[in-house]
Amino acid sequence: MRRVLSTGLTAAAALCLAAAVVPAASAQENVGTILGAERADVVKDSYIVSLKADTASRAAAPGLASKYGGQVDQVWQHALNGFSVKMTAKQAARLAADPKVAYVQQDAQVHLLDVQQNPPSWGLDRVDQRDLPLSSSYQYDTTASNVHAYIIDTG
């Protein structure tokens, strides 16, 4: 009788221990990597999400953003199958681990230079000066402060 009671108590204790461990394991969140998060010129709480090819961005964006606590800003389907979203870094890391997501990248500001050092071989260095030797830089004559660039192709 004592042996049956001891075995029963051991089994009950093991069952309680297993029940306590399972929720703790499932409480761990899957997190992914945020590309570009280490840059100095990031836009706080703004992310670009690229979806895997078999996921339709228009259909998936609202649900994914809502699931992880974010708000969709824009949805793209041609140049990029994805969307931009406003959310915290922790929420974005959880979104990055979703199986429908190819990657999540921190949004960042880009800046133009008015002088290009060692310009590429497109002949720009020759365009800005007539006389040799070349200066190894391309310098604009004016800054065009009244011009606004809306699309910047970074290659």
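With mature numbering (1 follows the signal peptide of the UniProt record, and there is no 0) applied, the sequence shown covers -27 to -1, 1 to 128. Glycine is no exception: its CB is placed at the ideal position from the N, C-alpha and C atoms. The structure presented is a predicted model; accordingly, all values stated were derived computationally and were not measured.
DSSP beta-bridge partners of residue i
| i | result |
| --- | --- |
| Leu24 | Val74 |
Helix, strand or coil at residue i [DSSP, three-state]
| i | result |
| --- | --- |
| Gly36 | helix |
| Ser30 | helix |
| Leu68 | helix |
| Ala117 | coil |
| Leu8 | strand |
| Val58 | strand |
Local Cβ density within 10 Å of residue i, reported as buried at 16 or more and exposed below that
| i | result |
| --- | --- |
| Leu37 | buried |
| Ile21 | buried |
| Asn54 | buried |
| Ala65 | buried |
Cβ-based neighbour list, residue i, same chain, cut-off 7 Å, excluding 5 preceding and 5 following
| i | result |
| --- | --- |
| Pro35 | Val45 |
Contact belief for residue i with residue j at Cβ below 8 Å, rounded distance in angstroms
| i | j | result |
| --- | --- | --- |
| Leu8 | Gln78 | 4 Å |
Contact set for residue i: own chain, Cβ-Cβ below 8 Å, skip 5 residues either direction
| i | result |
| --- | --- |
| Arg12 | Gln79 and Ala81 |
| Gln47 | Phe56 and Ser57 |
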